[in-house]
Every structure is written in C-alpha cells, then in structure tokens.
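**Student:** Got a structure for you, questions after.
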Amino acid sequence: MSNISELTKGLWKENPVLRLLLGMCPALAVTTAVEYAVGMGLSATFVLLSSNVVVASLRNIIPAKTRLPCFIVIIATFVTIVDLVLNGFAHDIHKSLGIFIPLIVVNCVILGRAEAFASKRPVFDSFLDGLGMGLGFTLALVALASVREILGNGTWLGMSLTGGEFTPVLLFVLPPGAFISLGFLLAGMNVIEKRRQANG
Amino acid sequence: MSSVTARFKRGGVHPYEGKELSAASELVTVEVPKRLQVPVTQHLGKPSKVVVEKGQDVQVGQILAEADGPISAPVHSPVSGKVLKIGDAEIVGAYRAPVIDIMNDGKFTGEEAFKGTPVVNWDEKGDFLGRIRSAGVVGLGGAAFPTAVKLRPPPNVKIDHLLINGCECEPYLTADDILMRERAAEVVAGCAIMAGILGVDRVRIGVEVNKPRAIEALSTAISQQVYTATFKGAIPSFDIVTVPLRTMYPQGAEKQLIEAITGRQVPSGQLPFSVGCVVQNVGTALAVFDAVARKRPLFERVVTLTGGAITNPGNYLARIGTPVSALVAAAGGTTEALAAQVAGGPMMGKSLRNHDVPVVKGMSGLLFLTAAEAAAAEETDCIRCGRCVNACPMGLAPCEITAQADFLKWEKSISLGALDCVECGSCQYVCPANRFLVARVRLTKFYSRRLPK
Amino acid sequence: MSDKAPESSVKAVVVVVIIAAICAAGLAFVKQITEEPIAEARRQETLAALQRVVPAGCEIKLEGKLVRPEGADEGAAETKLIFPGYDADGQLCGIAVRSRNDKGYSGKILVVSGYSDLESRETLKLNRIYVTEHAETPGLGSLITNLQDEEPATWGTDRSKVYGLNFLDRLVATLSWKVAKSAAAGENDVAAVTAATISSRAVAGAVQVAASLVSEDLDGLKAAFASTARSE
Amino acid sequence: MSENRMILQSSPHARDRESVRKVMYTVTLALLPAVIAGTVFFGLRALLVMALSVVACLIFEGIAMKVSGKPVKETLLDGSAVITGLLVAMNLPSGLPLWMVVVGALVAIVLGKHVYGGLGNNPFNPALVARVFLLISFPTAMTAWPVPYGTDGVTAATPLGVLQMEGAAVALQSIPYYNLLIGNVGGCLGETSAIALLLGGIILLVRKVISWEIPVTFIATVLVFTTITWLVAPDKHINPLWHVLSGGVMLGAWFMATDMVTSPVSRKGMLLFGVGCGFFTCIIRLWAGYPEGVSFAILIMNGLVPLIDRYLAPTRFGARQATQGAKA
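Here the protein sequences come in this chain order: A, B, C and D. Just so you know, the working numbering puts 195 at position 195 of the first sequence, and the rest follows in order with no gaps. Just so you know, the working numbering puts 1039 at position 39 of the second sequence, and the rest follows in order with no gaps. Just so you know, the working numbering puts 2132 at position 132 of the third sequence, and the rest follows in order with no gaps. Just so you know, the working numbering puts 3242 at position 242 of the fourth sequence, and the rest follows in order with no gaps.
Below, the structure is given as structure tokens:
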C-alpha cells in the first residue's frame, strides 16, 4: 500500500515541477516541443532512478560529512552516461537536448530526492520514489511542452494539428511563453488542489 | 491678486467653501438647557481629575475637574446647579467617556463675577500664564491642546514670532470668522497678551482672503489701537499685522501656516518652537483675553451649525456640556435631506451617530450634510494616479503609505512618512478611487505605538 | 546514517575516493563503447549537410578537407573548412565550404555552401546552401532554414519565404550580395526573409565569404584537390 | 431621521467630483481625434478593428472579474477596459486578422491586467503587453502595414522601417513632414497622425488627467538624443523632428507612458520616467534590431517604476529646513 503511494506521489501530490517547483531550469528550457520534453524527462528519470538506487544501496556506507560530494559524483556519472549514450545512439535527440543534459547534474529534483529520500530509505522504496518522481517530472514537462508546442507551433509531437490553417502564437515557444504557460499550469494546479482539499 | 497672496508651498486642495451658508447671520446665543453633560477631559494630554461629588451644588465657573500634571487642563461648570451623577456617556468620536451630569438651576449663580469691566494690568504680567491655565483654556481650533503649555517654550529656545491662526481653512465653518468680525478688539488684545507672555513683539494674524470683513475688522482694531482700551500699566510695544492668505486648504494647519507667513519649515517630528514660532487660534486668543482680563474660565464657545440639511445655518454661542440636540433645536431642526452629521469641519471632523453628545471646548462646528454634500462612495482599487501625492501638503505619497498599510507592513508605512501625516484629508478629498487613505494612516499611527522601538 | 557515531575524516575521504574511482571506471567503459558511434554520427551529420549542397552524384570526401587560413583553429570565426566532392570517375566536381558569421541576431551562424561548374570564375556556380548551426529567434530568424531539409523542387518561388532560393543555382559572378527587402530586391540581390533582415544578412555574409574564397582561389583549390584525389 | 441611515465615516467628509470613471472617459474622449484620423486613413477596417478590440476587452474584463469574484456590474463600465481596448487597437496595423485582435484583447485584459489583480495592480501597461505579445507572436502579420487610403492587401513599410532599411536620405526624400504630421503614412492605425494625438494630449493636459512631466520629458529626450546623433553623423542619422513625428512617440508619450497605473506617482519620478522612455526609445531605434522602440522603452520603464517610486519619493515637508540646519 505505502509502496504504491511512494510511486504515485510524484505524479500529482508532490509533483516535482508543479507542486515542489524543482527543476525549473530544464522545465522552462526544453519544453518548446513535446519530443524534447519526453527526451529530457526520460533522461532525467533514468538518472534519477539510477542515482536513487545507488544512493539508497550505499546509504550505510556513505559518510554523512561527505554525502553531498558523493551524491554529485554518482549523479554526474549517470548524467555523463546518458550524454554519451544519447550522443552515440540517438544523435538527433542529443542534438536538441545536448546543452541541457549536463544541466541534469544540477537538477534539484535529483539531488533533492537523493538527499531527502534515497539516503534514508531502503533501495526498493527509493526505486519507486525515483520512478514516480521521474515520471512526474516527465509528465509535467510534457504537459508544459504540449501547451507550448500546440499554441506556439500548431503541432503536437511533430504532428500538425491544424493543417496549417492556424497561425501559431510564436511567443509560446520563446522563453516568455515558457514562464506564462508554467504560471497558468501552476495556477490551474492550485485551483484543482484547493477544490480537492475543500471537498476532501 | 491671489498670486501675490502668501500660501504654503506644497500640495493643498480647494474644496467648495460653503461659508456663505452661515457667515451672514448674527451670533445666536443658545438657551441653556435644564441638564448638561460636561466631559471630564476635553483636551489633549493627561486626563483631568474630578473634584466634585454626586449631589454637590456648583456655581458657574466652579472647577469640576482639575488639571493633573503639566500637560492637562481643568474643566469648569458652565451653570449653577447640582451634580446629578458622574458616569460615562457617549461623546464626539462615538466612544464613551467620563462625564459630569449637572442639573441647571437656571440661576447662573457666580456668573456675575466674570461680567465686570475687563482690565489687563500689565504690571501683573507674571500672573497671566497662571490665569490662562486655571481658566482651562485649550486650543479652540479643534486640537484642544492646553494653551498654557504652548505659551511656555523650553528655556533654551528663542521665540520670535507669535502666529495667530484666523485661516479657518475648513470649508463651511465660520465660528472664527464671526469672532474676528464681532470681537476684533478683544481678539487682538488676546494676541497682545500672549505676545507679552512670550516676550515677542512680532504678531502675525493669518486670515484667508475669503473673509474680507474679518481682515478689515482686525486691521481697523489694530490701526486704531482699540484693543489697548483695557490695558493698564507698563504696556509693551507690539508689531501686530494681519496677513491675508490665499484660500487654500489646509492653510490653517500649524506647519503650513508657519511656512506661509514666515517661510520656515518645521522639521519632521518637531514642534513650531524649533523654528521660533508659536501658533494660536483666534478663538483661543479671545479665550485668553477673557481669562486674563475677566478671570473668566472657558465654559462656552461659538459653534457653527451649517450644511444643507439644517434649517437655519449660523453661529451659535453655547455652554460647554449643552447637548447637540439643543443646538439643533435652536437652529430650527434638521431637514429630511440629512444624510450625514459631522462634528468639526468636513475635512477633519468626526461623524456623529446622534444628537445626544455634548458640546466640548474643541467643537468648532456641527455639519448637517445632504447626501450630495457628504459624497460618500465605495472605495475601489488605487489607480496610482498620483493626485494624492500632488495634494499632500506634507510632501508624502499617501498611496504608497496606505498600500503598505494594506499589507500590514507598518514599519514600511512609517518609513514612508506615515507619522508626518497631519490627517488633513487632502489626499482622500482628491482621490478618484475614493480610497480611505486617512483611516489607513491613522491605523498605521495606532500600530506605530505598539511597535518595538 | 545520521544516527551513527561520527566517522573519522579519513574514512570519509576514502569512501569518496572509492566511489569516484568506481564511477570513473564505469564512465571509462561507457566512453569506450560509445566513442565509435559518436564519431560516426558526427561524421554522418557533417557529410549529410555537405552532400546536400553539391550536385547529385558528386561525393564529398571528408578526408580531403582543407583549412583556410592554413593551420587555423577550426572553431575560429574566420576559419573556412573546404571539402572536395568527386564524381564516379574520381574527377573533382564540386566544392563545399563551411563558413561562419557572428553577426546573426543571436550571434554565431554556421553555413555550408556548395559550388560546381568549376571550369572558371565566370562559370562558377553556387549550387545550394545549408545552415548547420544557428540560434536565431524561432519563427522569425529561424526562417532562414525554412524548407532547407526538403528537396529544392518543393520550394516554390517566393524568395522571402524560402531563403535558400536566393542561393540556388546561381552564377557566383553575377550575385550582388546586397540584402534587401523582398519587394525591393533585384534579380541578383538577396531577398531577405520577411521581418528577419539581420539573420538574412548574416547568412548572406557567411556565404559571400565562402563564395569569394572559392572564386578567388579557384585554381589553387583545384590543384590542391586534384592532388588529394591522386594520393588516395 | 433614524441614526441607522446616517453615513458614518472617517474624515474627510468631502470629496471633489473626480472619479475613476470620469478620468477614464476623458481619456476616451482625448483618443477620439486619433480614432477619427485612423478611420480616415485606414478606412472602415480600422474602425472595425477598434470596435472589435473594445468589445472583446469588455467581454474578457467581465469574465475575468466574474472569475476573480469582483463586482462585475459596478466596475465593468468604469471605462478602463474601453480604454485598454482602444489603445490595443491603436497599436495594431489595420489589416491584422480579426482573431489576432481578439487574442490581443485577451492578452491585454487577462495577462496584462487581471493576473496581477485587476485595475491598479498591473505593473505593465496592458495595451503594450498586448502589442509586444502580438509583435513577437505574429511578426509577419504585425509588420504588414496597410497603405493609407490603400486597397486591401497593399502594404508598405513604416517611415521608421524605411529609415532602417533604406537609410536617412531615402526616408527624408520619400516621406514629407506634413504626411508625418497628419498621419498619411504606414503604421499602426492609431499612431500615425501626430497632430491628432497632440490634440488628444492637450485635452488630457487641460482636463488635468495627466500632467506635463512625462510627455514633455519623453519627447524632449528623444529630441535631444537624436539631435546629438544627427549632429555627429548627419549622413547616417535622421533629424530629430523626423524622429519625434514618426512611429509611436506621440501615441506613447501622450497616452501610453502617462498611464497612471504604470507610471511613477511623484513629480521627480515622472521626470525620470519620461527621460528613461525617451532614452530607451532612441537606443532601440538607432542601434537595435527593431525599427521602433517606443513600446519596449515604456515597458522597460514600467518595470522600473517601483524602484523610481522608492528612490524618488516627493520631498517631505521639513526636509529642506533640516538639511539647511545640518549645514549651518
């Protein structure tokens, strides 16, 4: 029972982007298209999952004093692995995500979960937490990217939705559009959450 | 012509004057009612101490409550009769305060003592301040600060100006106007007495140019030296001048008056003493004269009853403690159009709930306003038009101060100058969004007293 | 972890070092297996862009690359990379140049331009261009790349919408390189993309540098590339 | 008279007759000359854009107020939405697709105003937010300027566009001053006629809705700045008069920068604000990618208003004396 909640909390209740406001930098930077959002989300999920599992399994070995350097080394290793693998085997995605992937290292979601969760909990829980948080991160990115891609480019995942009839609102694929869309998503989340709390 | 007339430099508004309603009529003496309620404390400062008991017989001018400490003032009985009870009653400002209920026996025993020929014996100059103090004279312009305190500057301060405030810049009110017109000589004599006490020879009486008859009466009194008729002994020499001032609210605010006449600005948080000035109201000058020349305590005053909803607007001489209802009756009652009633002027007065409250020393007027005059409105959000900034005579930004107050940021609001505010209401008068700016400043001042220093 | 007795500093350092060592080893392994695919992907990418700008049947040889000015740092702004293309018979049939201009709306723009008909300066033809790298405003400056991944046959004729049309099959000698708004642009001028004059100018500038290089040094390049071909 | 019906309030008990509604409708009145000029030069299509923009703004304002729980009936017609609508339209080319006009109205009212809490709380001028949003989002449509008296689809560059593309000499030759003055040039439908806008500005000044500080310093700064560049390089830069009469300076200085909500409240602040607007306008016009910089300049200065208000508060009463005393 509690295992399931470890998995699902990242999706909504403690969604890293939309509730905890973590990982804003990638969330704003790569969400110009759903494709990139998926790529970024899955890469981050992989890193999150791996680092959570490793940190959790090493939690009794890593000394408290030097835990942050250890976490950073572990996370950086996985990020570099993702970078290399994508570059080698999915070059197109790497081309568009290239400059953002190193940023995963400083993504607060990952360090945050390592510090707040994985370093204190068993491996399996940390695995679920990492998976849930990663999926939540991906979902949030996809939601944001969907808004921006549909409005800003008239397409979704590269598929034209409007048959070229619609003049896209360019602003949404530009940085200000990211902030505006995120603002409205957050507002929407808050409204829904408030209603839920009022009802529950 | 107005361009050459002196005025304060910054801000100010020019509301509808409304003086014509009450200015023309003669001073009417209100019939003293059977029962009066005399509030124990009618001044700014330490509350007075009651010295009479329930059931005690009192005479006109007998002390009911005495001054407690240096910044305080005594209260005297306006009539002769019996103390019915000492308890709480509603007074102006819609709160309850200690009052002394007196049953008027209609005989006015003891009043004769104050009706002799007035004499100002300059050889007794050292006694003047004591007479003013024991007569319970307070500032009659509205603030009701004990006059004797203002006439005794700290020893290290050099005072070179006595400014007499005859501006009556509040719209509608004409109580000071009628005093200046009808009792100019006594007013000027009162000014001379205060100048003598302070040891200054420069006396400036500032009057707004919308009261030409008052200016003329004062000037005549001064030039013909009418006021010296009551003087005896070694009369000091005085340089008394009437200064016409531009009609602009708040011309009569202390700091603004000093700037208009002398060009000096009282620094923030300081008193007029700091620039060598003392400011007194014309009504106060008259009360000072009565106290010194007649040894007559302050137990009656002129109250302007005016506004579109009173039958006979005019100026009424009433004893302290007379209920407002008696004044209203004397003025022929209110009309159906009455929508708001205010004690004081429209800019700084206080709303009245009913007519039961008594007249006090600081009550300069009673307004009975129609809905159109009162102009109450719902407040809307500030549109930052900056009108309040332009109107503020103190150089503040009321919109910013009150915006901080809205977020309960009292320190921020104070740092923007909330404590410098004189609550003249100019900002709120011009506000197109009808913001309750003054109320918010008052709230800030209230909280400022609770903040850790 | 936190409720354990405080560890010694030595142990803390040792653990970090061990973890770092293990990570390094892992990375080395991953690096090894991805090195080859990464290099290949990069090569393919470059090749694809270069191949696009020279005529069909003309095969670019990446190994034959020349760097101008000679010995310059390949990333520097003034550096041009020049690639030869050979036909089935091994004859030099095209030249592709990668040049750079930093005056784009958002700075650096990399363009490859391809040249054919190398007989003389008068016959030298600008075959096609391809923007390989830019950071121009999406939807505005980025329109300089509009349709560049499609075949020229699908481009239509509006030079202000498809920027590549300006540089498609043009005699280098006749190009004026003047960038003007589409309505004011003459036949030999460059018609700027609507509302993206600066980006258009930057691309045209990069292409002009490349084109004049090829045009002025045509014989030298032909000689150099002929020798490269022989040496293979 | 029952005491329940008495008005009980804190002082003052008098008000002047000015109200937000009056202020707003005066601005609307002042915009009339420009509305007429726009209609004359750009035809009924311009009128349609303006009407649509106003109606759309009113509808969105109503919805936004309803959603945020404000009294719709009392404040919907306070005129602020009408003005925003008009000003949005003034900042658009008359040929803009109508649905984009509606998007502009939506952005102005919702993004520019109500997300901050409605009238009085928005840091940026809503109409300019809409203009910049549209300009960035639909660059092609937003820079297709119909020719005055022209038929559908015929477009031409704005005077500043000509200046940027063709240089000062061509601009001076092809566009005479009187056309700039009366507005017979390409541009946003409300910004071309300098004379109509000036007339509106005078109405605002006379009715005391605005004070002189912002428009005068704005225009003066543009004049001074462009005079300097003109004197330094007369062949490269155009004369100051041309700069002031072309583009959005007049509309910006009289109607956009003076927006009460988004400009400083103190006199000193207003002076600095006007200078800043003029300064950034010139910087953008002379050295940046866009031919016109008024909207950006005003938005930049809007963003600085809280700072300006903090550091350029009005001089407090007594401050002068205090410093003199300190010196003595």
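Glycine included, each C-beta is placed from N, C-alpha and C at the ideal position.
Locate the beta strand (DSSP E) running through His1161/B, then write down its first and last residues.
**Tutor:** Counting along the chain, the beta strand (DSSP E) containing His1161/B begins and ends at 1161–1165.
**Student:** Closer than 7 Å by C-beta to Lys1085/B: which residues in its own chain qualify, once you throw out the five before and the five after it? Chain order, please.
**Tutor:** Only Lys1054, Asp1101 meet the Cβ criterion.
**Student:** If contact is defined by three or more beta carbon pairs under 8 Å, each pair taking one atom from either stretch, is the region 1313–1323 of chain B in contact with the region 1024–1031 of chain B?
**Tutor:** Yes: at least three Cβ pairs fall under 8 Å.
**Student:** Here's a check: name, in chain order, each residue in its chain whose Cβ is nearer than 7 Å to the Cβ of Glu2074/C, leaving out the five neighbours to either side.
**Tutor:** Hits under 7 Å: Val2067, Leu2081.
**Student:** Spell out a yes or no on whether the region 3305–3320 of chain D and the region 3240–3259 of chain D are touching, meaning 3 or more CB-CB pairs, one atom from each, closer than 8 Å.
**Tutor:** The region 3305–3320 of chain D is not in contact with the region 3240–3259 of chain D.
**Student:** Let me make sure I understand the geometry here. Which of Thr2123/C, Val2111/C, Ala2210/C, Ser2215/C has the alpha-carbon closest to that of His2134/C?
**Tutor:** It is Val2111/C whose Cα lies nearest to the Cα of His2134/C.
**Student:** Indicate whether Phe3060/D and Val3110/D have their beta-carbon atoms separated by less than 8 Å.
**Tutor:** Yes; because the gap between Cβ atoms is below 8 Å, this pair is in contact.
**Student:** Would you mind reading off the limits of the beta strand (DSSP E) that contains Ile1100/B?
**Tutor:** That run of the beta strand (DSSP E) goes 1095–1104.
**Student:** Quick one: Cα of Pro1033/B to Cα of Glu1111/B, how far?
**Tutor:** So the two alpha carbons sit approximately 16 Å from each other.
**Student:** In its own chain, which residues sit with a C-beta less than 6 Å from the C-beta of Gly1093/B, not counting the 5 before and 5 after it?
**Tutor:** Same-chain partners within the cutoff: Lys1350.
**Student:** For Val191/A, would you say it is in contact with chain D, using Cβ-to-Cβ distances shorter than 8 Å as the test?
**Tutor:** No, no contact with chain D.
**Student:** Does the beta carbon of Lys2178/C come closer than 8 Å to any beta carbon on chain D?
**Tutor:** No, Lys2178/C lies away from the interface with chain D (no Cβ there is under 8 Å from its Cβ).
**Student:** Could you spell out the range, first to last residue, of the alpha helix (DSSP H) harbouring Asn3121/D?
**Tutor:** From DSSP, Asn3121/D is part of no alpha helix (DSSP H); its letter is neither H nor E.
**Student:** Output yes if chain D places a C-beta closer than 8 Å to the C-beta of Ser1002/B; else output no.
**Tutor:** Its pLDDT being 41, under 50, Ser1002/B is placed unreliably by the model, and nothing is read from it.
**Student:** Which residues in chain C have a C-beta closer than 9 Å to the C-beta of Asn87/A? List them in chain order.
**Tutor:** Here the neighbours are Thr2034, Pro2037, Ile2038, Ala2041, Arg2042.
**Student:** Does the beta-carbon of Ala1285/B have 16 or more other beta-carbons within 10 angstroms, so that it is buried, or is it exposed?
**Tutor:** Its Cβ being crowded by 16 or more others within 10 Å, Ala1285/B is buried.
**Student:** So Pro26/A is in the alpha helix (DSSP H); what residue range does that whole segment cover?
**Tutor:** Start and end: 24–29.
**Student:** Suppose contacts are defined by Cβ-Cβ distances below 8 Å. Is Met40/A in contact with Leu141/A by that definition?
**Tutor:** Against a cut-off of 8 Å, the Cβ pair of Leu141/A and Met40/A comes out as a contact.
**Student:** With a threshold of 16 other CB atoms inside 10 Å of the CB of Asp1057/B, please say whether the residue is buried or exposed.
**Tutor:** Burial call: exposed.
**Student:** Note the first and the last residue of the continuous alpha helix (DSSP H) segment covering Arg63/A.
**Tutor:** In the sequence as presented, Arg is not what sits at residue 63/A; that position holds Pro. Per DSSP, Pro63/A belongs to no alpha helix (DSSP H) and is neither H nor E.
**Student:** Could you tell me the alpha carbon to alpha carbon distance between Ala3326/D and Lys1046/B, rounded to whole angstroms?
**Tutor:** Its pLDDT being 41, under 50, Ala3326/D is placed unreliably by the model, and nothing is read from it.
**Student:** List, in chain order, every chain D residue whose beta-carbon is nearer than 8 Å to that of Thr167/A.
**Tutor:** Residues of chain D passing the Cβ test: Pro3097, Met3100, Phe3138, Ala3141.
**Student:** If you draw a straight line from the C-alpha of Leu157/A to the C-alpha of Leu2147/C, how long is it?
**Tutor:** Computed Cα separation, rounded: 19 Å.
**Student:** Taking Cβ positions only, does Tyr1429/B come closer than 8 Å to chain D?
**Tutor:** By this cut-off, Tyr1429/B is an interface position.
**Student:** Exposed or buried, Ser3266/D, counting other C-beta atoms within 10 Å across all chains shown (16 or more means buried)?
**Tutor:** With 16 or more Cβ atoms within 10 Å of its Cβ, Ser3266/D is classed as buried.
**Student:** Residues in its own chain within less than 8 Å of Leu3312/D by CB, not counting five upstream and five downstream?
**Tutor:** Excluding residues within five positions, the ones whose Cβ falls inside 8 Å are Pro3264, Ser3266, Lys3268, Gly3269, Leu3272.
**Student:** Would you list the residues sitting across from Ile2233/C in a DSSP beta bridge?
**Tutor:** Residue coverage of chain C in this structure runs from 2001 to 2232, which leaves residue 2233/C outside it and unanswerable.
**Student:** Taking the alpha carbon of Val1422/B as the reference point, which residue from Pro3126/D, Ser3011/D, Leu3199/D, Met3006/D has its own alpha carbon closest?
**Tutor:** Of Pro3126/D, Ser3011/D, Leu3199/D, Met3006/D, the residue nearest in Cα terms is Ser3011/D.
**Student:** Taking a cut of 9 Å between CB atoms, which residues from the region 2041–2068 of chain C lie near chain A?
**Tutor:** Listed in sequence order: Ala2041, Arg2042, Gln2044, Glu2045.
**Student:** Candidates Pro1118/B, Leu1443/B, Leu1327/B: which alpha carbon is nearest Tyr1227/B's?
**Tutor:** With distances taken between Cα atoms, Tyr1227/B lies closest to Pro1118/B.
**Student:** Val1302/B to Val1187/B, Cα distance in whole Å?
**Tutor:** So the two alpha carbons sit approximately 14 Å from each other.
**Student:** Excluding the five sequence neighbours on either side, which residues of its own chain have a C-beta within less than 6 Å of the C-beta of Ser3053/D, listed in chain order?
**Tutor:** These residues qualify, in order along the chain: Gly3085, Val3088, Ala3089, Val3101, Ala3105.
**Student:** Have a look at Gln1265/B, Asn1156/B, Val1137/B and flag the residue whose alpha-carbon is nearest the alpha-carbon of Phe1299/B.
**Tutor:** Nearest option by C-alpha distance: Val1137/B.
**Student:** Contact between the region 1068–1084 of chain B and the region 1169–1183 of chain B: three or more CB pairs below 8 Å?
**Tutor:** The region 1068–1084 of chain B vs the region 1169–1183 of chain B: no contact.
**Student:** Short check: CB of Pro250/A to CB of Val73/A, under 8 Å?
**Tutor:** Lying before the first or after the last residue shown, residue 250/A is absent from chain A, which here runs from 1 to 200.
**Student:** How many Å lie between Ser2215/C and Leu2126/C at the Cα?
**Tutor:** Their backbone Cα atoms lie some 10 Å apart in a straight line.
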